[in-house]
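If you want our numbering, it's the position in the sequence shown, counting the first as 1, plus 93.
By construction, the Cβ of each residue, glycine as well, lies at the ideal position given by its N, Cα and C atoms.
Remember, it's a predicted structure, so these values are computed and weren't measured experimentally.
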Amino acid sequence: MTRIEKLIKDFWPVFLVALSLIVLVACYGCDGEDGEPAETKPEDGKPGKSEPVTAIAEDGAGLYKASCAVCHGPEGKGDGEASEFLFPKPRNFASTGYRVRSTATGQMPTDEDLFRTITNGMPGSAMPAHSYLSEAERRALVRHVKTLAIIETGDGVTENLFELHGTPRVITAPPPPDRTPELLARGKRVYLEQGCNKCHGDSGLGDGPSAPTLKNEDESDARPNNFRRGIFKGGGSVADIYMRFTTGMNGTPMPSYEEALKKEDRYALAHYVRELGGGKVAIQPSTGTIAVGRSSGALPEEPQDPMWDRVTPTAVPLMLLWQRETPAVDSVSIRAVHDGTSIALLLEWADADASTRFSLDGAFHDAAAVMFSLSPGLPITEQPHFAMGEKGKPVNFWYWALDRRMGLADVRPPEPADLFGSAAWEPSKVLLASASSSGVVQELNAEQFRTLTPQPPPEQNVNGKGVHTSDRWRVVFVRGLESTGSLDAKLTTGSEIPVAFAIWDGSQEDRDGRKAVSTWYRLKIAR
């Protein structure tokens with residue numbers, strides 16, 4: 094029996110905690126500016142470029158296995174081991190339900206459509222940006238994904254959908270008109286006349302009367318977009334939104350308006366819908382570097398230590414794994430510093446309430462996690478999956494939660510107030526104690542799904558504290574650079590280690606896999 098198997102056996106009763114860190118994935122994407130879509134499209138009505146798919150794309154198969162199969166499945170049918178924890182579900186490549194395209198309704202996407210989605214990710218889903226891959230690697234993924242579009246046409250005969258459908262008709266977006274009050278008024282009129290409000294609601298909140306009953310072609314739930322969140326699948330420029338109205342979104346109730354509306358009306362509608370988002374455009378996480386400077390003085394172990402103001406923050410985009418229409422944490426600020434002996438990380442994010450909610454289904458806490466790869470020497474493309482690691486490539490978690498120590502028999506904040514039901518108290522009254530002996534921070538390990546396991550008490554060596562002031566959480570994690578634990582992250586001066594982050598919002602009943610996450614970043618520790 095391996096050490097991890099023994100830990101799982103010994104600590105199986107805490108399995109609910111295991112689900113709390115199921116899938117760390119990530120988001121980076123659209124530029125969010127008005128103008129043409131990011132890619133260059135062929136002339137309207139002309140065939141789109143599509144590379145042949147008869148040859149096996151061997152150079153993309155390994156990348157697909159490492160970066161895509163955990164969600165999309167080994168055969169691309171949208172049934173990977175992470176898929177049950179994601180909403181909307183991963184794309185089934187063996188179908189015509191490709192949402193974001195430059196091609197006519199019902200047709201397959203072009204290579205450039207697939208390339209752009211791989212590069213930018215898919216806002217409003219758990220599909221992260223893969224812009225960190227080289228262009229050659231991303232194009233290899235395009236070729237491999239196309240080989241997975243296999244269906245049976247009868248009598249055991251198989252066909253590739255891209256070959257079966259042939260060369261698609263590509264639609265190009267003309268230059269967008271300038272935004273004017275008159276154009277916005279026209280767009281609002283079109284929005285109501287075309288019945289967009291029946292699904293998306295009068296004010297774009299995704300709460301129209303038809304919303305609860307909508308289904309996709311595969312009978313999965315179809316949730317109308319809440320434009321107020323600034324999430325626009327396929328890009329947030331006016332031209333991108335125009336393309337979604339023009340091509341429709343295959344496999345969903347969202348139709349094409351290419352025939353129903355003139356181009357001018359489609360652009361008026363695009364301007365109006367983008368206006369509903371208030372100028373906000375969500376991006377999908379990708380990757381980056383977080384610098385850990387060396388301090389000549391004492392390490393800041395308090396969230397409100399003035400020394401943190403002298404540490405440069407890194408803004409890390411986040412995305413929800415299980416999409417909802419209510420607000421979500423879309424970014425976390427990371428600051429890190431060491432003194433040659435210990436390291437401190439400060440996580441800071443916007444949250445109006447310090448919240449813990451209890452129901453018959455369990456507890457919902459504000460919480461945060463830091464995840465380290467235990468294979469720091471591998472290149473990013475060979476790292477264990479940022480969800481839960483891989484067999485033989487374990488990961489190390491530092492997990493903090495508001496009131497994690499409190500049991501249902503003794504649940505009290507600093508001021509007298511009952512936490513049963515919902516708790517949100519004055520921010521100035523919330524100050525949590527150090528974790529050195531009380532266990533506010535917990536260390537865990539995993540090496541694939543359903544193996545997340547807390548370390549034994551003697552090996553718990555991460556301290557922490559969380560403070561909620563005004564409308565923000567500030568949470569500090571502190572650990573010695575040196576650690577003898579075989580399943581602890583190795584943090585040494587002059588080194589780099591992959592790191593990822595997750596945030597839970599208790600007021601939105603986040604728990605387990607319902608959280609906002611990043612993908613791998615590099616923590617670069619100065620000498």
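Cβ-Cβ separation, Val425 to Leu440 (assumed contact under 8 Å), whole Å:
As a working mapping, residue 440 is identified with position 347 in the sequence shown. As a working mapping, residue 425 is identified with position 332 in the sequence shown. Contact holds; Cβ gap of about 6 Å.
Looking at Leu234: is its Cβ nearer than 8 Å to the Cβ of Tyr157?
Your numbering for residue 234 matches position 141 in the sequence shown. Your numbering for residue 157 matches position 64 in the sequence shown. Their beta carbons are under 8 Å apart, which means Leu234 touches Tyr157 by this criterion.
When DSSP labels each residue in this structure, what does Ser527 get in the three-state scheme?
The residue you call residue 527 lines up with position 434 of the sequence shown. With a pLDDT of 31 at Ser527, under the threshold of 50, the modelled position of that residue is not reliable, and the figure given next carries that caveat. DSSP places Ser527 in coil when its eight states are reduced to three.
Please state whether DSSP places Met481 in a helix, a strand or coil.
Translated into positions along the sequence shown, residue 481 becomes position 388. Coil.
Decide if the segment 463 to 471 is in contact with the segment 572 to 588; the criterion is three or more beta carbon pairs, one per stretch, under 8 Å apart.
Contact between the segment 463 to 471 and the segment 572 to 588 is present, because at least three Cβ pairs lie under 8 Å.
Are Ser160 and His223 close, meaning C-beta to C-beta below 8 Å?
Here residue 160 refers to the residue found at position 67 of the sequence shown. Here residue 223 refers to the residue found at position 130 of the sequence shown. With a cutoff of 8 Å on beta-carbon distance, Ser160 and His223 are scored as near each other.
Contact check, Tyr614 vs Ile376, beta carbons under 8 Å
Residue numbering aside, residue 614 sits at position 521 when the sequence shown is read from its first letter. Residue numbering aside, residue 376 sits at position 283 when the sequence shown is read from its first letter. No; because the gap between Cβ atoms is not below 8 Å, this pair is not in contact.
Do you know offhand how far Pro590's Cα is from Leu438's?
Within the sequence shown, numbered from 1, the residue matching residue 590 stands at position 497. Within the sequence shown, numbered from 1, the residue matching residue 438 stands at position 345. Here residue 590 turns out to be Ile, not Pro, going by the sequence shown. So the alpha carbons of these two residues sit roughly 14 Å apart.
Once DSSP output is grouped into helix, strand and coil, what is the label at Arg387?
Translated into positions along the sequence shown, residue 387 becomes position 294. Three-state DSSP puts Arg387 in a strand.
Tell me the residue span of the beta strand (DSSP E) that contains Tyr350.
On the sequence shown, residue 350 is found 257 positions in, with the first residue counted as 1. Careful: Tyr350 lies outside any beta strand (DSSP E) and carries neither H nor E.
Once DSSP output is grouped into helix, strand and coil, what is the label at Asp333?
Counted from its first residue, the sequence shown places residue 333 at position 240. Three-state result, Asp333: helix.
Please report the distance separating the alpha-carbon of Pro551 from that of Pro183.
Reading the sequence shown from its first residue, position 458 is the one you call residue 551. Reading the sequence shown from its first residue, position 90 is the one you call residue 183. Straight across, the Cα-Cα distance linking Pro551 with Pro183 is about 40 Å.
Could you tell me the distance, in whole angstroms, from the CA atom of Asp206 to the CA atom of Thr562?
Here the question's residue 206 lines up with position 113 in the sequence shown. Here the question's residue 562 lines up with position 469 in the sequence shown. The C-alpha of Thr562 is placed about 44 Å away from the C-alpha of Asp206.
In this structure, how does DSSP classify Ile473 when only helix, strand and coil are distinguished?
To locate residue 473, count along the sequence shown from 1; it is residue 380. DSSP places Ile473 in helix when its eight states are reduced to three.
Would you mind giving the Cβ-Cβ distance between His165 and Phe186, rounded to the nearest angstrom? I have them listed as a contact below 8 Å.
Numbered from its first residue, the sequence shown carries residue 165 at position 72. Numbered from its first residue, the sequence shown carries residue 186 at position 93. With a Cβ gap of about 7 Å, His165 and Phe186 count as contacting.
Opposite Phe594 in the DSSP bridges: which residues?
Indexing the sequence shown from 1 puts residue 594 at position 501. In DSSP, Phe594 forms a bridge with Val463.
I want to know whether the segment 207 to 223 touches the segment 323 to 330 - three or more CB-CB distances under 8 Å.
Touching, yes.
What do you get for Glu575, buried or exposed, if any count of 16 or more other CB atoms within 10 angstroms of its CB means buried?
As a position in the sequence shown, residue 575 is number 482, starting the count at 1. Taking all protein chains in view, the Cβ of Glu575 is surrounded by fewer than 16 other Cβ atoms within 10 Å, so the residue is classified as exposed.
Note down, in chain order, each residue of its chain lying with its Cβ closer than 7 Å to the Cβ of Gln476, except the 5 sequence neighbours on either side.
Taking the first residue of the sequence shown as 1, we reach residue 476 at position 383. Correct list, in chain order: Ser466, Ser468, Pro591 and Trp613.
Bridge partner(s) assigned by DSSP for Pro183
As a first step, residue 183 is located in the sequence shown; it is residue number 90 there, counting from the start. For Pro183, which the question treats as bridged, DSSP gives no partner whatsoever.
Can you tell me the Cβ-Cβ gap for Tyr225 and Thr380, rounded? I've got them flagged as a contact below 8 Å.
Against the sequence shown, residue 225 aligns to sequence position 132. Against the sequence shown, residue 380 aligns to sequence position 287. Indeed, because the Cβ distance is near 4 Å, the residues count as touching under 8 Å.
Based on DSSP bridge pairs, tell me the residues matched to Pro221.
Numbered from its first residue, the sequence shown carries residue 221 at position 128. Beta bridge pairing from DSSP links Pro221 with no other residue.
Can you tell which of Asp402, Val404 and Ile427 has its C-alpha closest to the C-alpha of Ala593?
If you number the sequence shown from 1, residue 593 lands on position 500. Residue nearest to Ala593 within the set Asp402, Val404 and Ile427 is Ile427 (criterion: CA-CA distance).
Can you tell which of Glu368, Leu354, Asp432 and Lys356 has its C-alpha closest to the C-alpha of Ser389?
Locating residue 389 in the sequence shown gives position 296, where the first residue counts as 1. For the residues Glu368, Leu354, Asp432 and Lys356, the minimum Cα distance to Ser389 belongs to Asp432.
Nearest-angstrom Cβ-Cβ length linking Gly259 and Leu369, presumed shorter than 8 Å:
Counting from one through the sequence shown, the residue named residue 259 turns up at place 166. Counting from one through the sequence shown, the residue named residue 369 turns up at place 276. About 37 Å separates the two Cβ atoms, so there is no contact after all.
Alpha carbon to alpha carbon, what distance is there between Ser349 and Gly169?
The sequence position of residue 169 within the sequence shown is 76, counting from 1. The sequence position of residue 349 within the sequence shown is 256, counting from 1. Computed Cα separation, rounded: 26 Å.
Can you check whether the CB of Gln541 is closer than 8 Å to the CB of Gly587?
In the sequence shown, residue 587 corresponds to position 494, counting from 1. In the sequence shown, residue 541 corresponds to position 448, counting from 1. No, Cβ-Cβ distance for Gly587 and Gln541 is not below 8 Å.
Just the C-alpha distance for Thr340 and Leu362, rounded to the nearest angstrom, thanks.
By 1-based counting over the sequence shown, the position of residue 340 is 247. By 1-based counting over the sequence shown, the position of residue 362 is 269. So the two alpha carbons sit approximately 14 Å from each other.
Through-space distance from Leu307 to Ser188, alpha-carbon basis:
In the sequence shown, residue 188 corresponds to position 95, counting from 1. In the sequence shown, residue 307 corresponds to position 214, counting from 1. The C-alpha of Ser188 lies about 20 Å from the C-alpha of Leu307.
Anticipated Cβ contact below 8 Å, Ser611 with Pro410, distance rounded
In the sequence shown, the residue the question calls residue 611 occupies position 518. In the sequence shown, the residue the question calls residue 410 occupies position 317. Contact between Ser611 and Pro410 holds: their C-beta atoms lie close to 7 Å from each other, under 8 Å.
Along the chain, where does the beta strand (DSSP E) containing Arg615 start, and where does it finish?
Taking the sequence shown and counting its residues from 1, the one referred to as residue 615 is at position 522. Tyr614 to Ile618 is the span of the beta strand (DSSP E), which, as asked, contains Arg615.
In the segment 152 to 213, which residue ranges form an unbroken alpha helix (DSSP H) of at least 4 residues, counting only runs that do not cross its ends?
162 to 165 and 204 to 213, all fully within the segment 152 to 213.
Val250 to Ile244 span [Cα, whole Å]
As a first step, residue 250 must be located in the sequence shown, where it is residue number 157. As a first step, residue 244 must be located in the sequence shown, where it is residue number 151. Straight through space, the alpha carbons of Ile244 and Val250 are spaced by roughly 8 Å.
In whole angstroms, what is the alpha-carbon distance linking Gly470 and Glu351?
Taking the first residue of the sequence shown as position 1, residue 470 is located at position 377. Taking the first residue of the sequence shown as position 1, residue 351 is located at position 258. C-alpha separation (whole angstroms): 51 Å.
CB Asp300 to CB Asp444, shorter than 8 Å?
Within the sequence shown, the letter at position 207 stands for residue 300. Within the sequence shown, the letter at position 351 stands for residue 444. Judged by beta-carbon spacing, Asp444 lies beyond the 8 Å limit of Asp300, meaning their Cβ atoms are not closer than that value.
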